[in-house]
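Colleague:
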Amino acid sequence: MSSPTRPPDDDAYWQRPDPSTDPLDRPEPAPEPETPPYPGPPRAEPPPAGWRPPTIAHPPPPRALPPQDMDALDEAEGSARTVTYGVGLVVGAIALVVVCLLCARVVF
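With full-length UniProt numbering applied, the sequence shown covers 1 to 108.
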């Protein structure tokens, strides 16, 4: 139904259409052709008995790892922690100076 071009006299425009009439005059849909149901995938044939390739070489067993020096590891971790804290303190000090300079420019 299109919009009216003149003012409505009554509420006929807003009423539901008659259900016995088709407002679009559509033709009846054509029946779908009947297709057989899908039978599924074809069955696979089992592989022959000797289908695997022969195993020729066996890998050697894993070798033993060298022993770890726990005291040297602890010393290296302590040195790394000291360097990390030192870099963090320097960067924090520089950031604090920059923030103070920026705040001083805004205030003064």
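Cβ coordinates follow ideal geometry from the N, Cα and C atoms, glycine included.
Quantities reported herein were computed from a predicted structural model and do not represent experimental measurements.
#1: Expressed to the nearest angstrom, what Euclidean distance is found between the alpha-carbon atoms of PRO36 and PRO46?
#2: For ALA57 and LEU89, I'd like the C-alpha separation in whole angstroms.
#3: ALA93 lies in the alpha helix (DSSP H); which residues open and close that run?
#4: Just verifying my parser: in three-state terms, what is the DSSP assignment at TYR13?
Modeller: Concretely, from the data shown:
#1: Within the model, the alpha-carbon separation for PRO36 versus PRO46 is close to 28 Å.
#2: Answer to the nearest angstrom: the Cα atoms are 58 Å apart.
#3: Per DSSP, ALA93 belongs to the alpha helix (DSSP H) from 70 to 107.
#4: If DSSP states are grouped into helix, strand and coil, TYR13 belongs with the helices.
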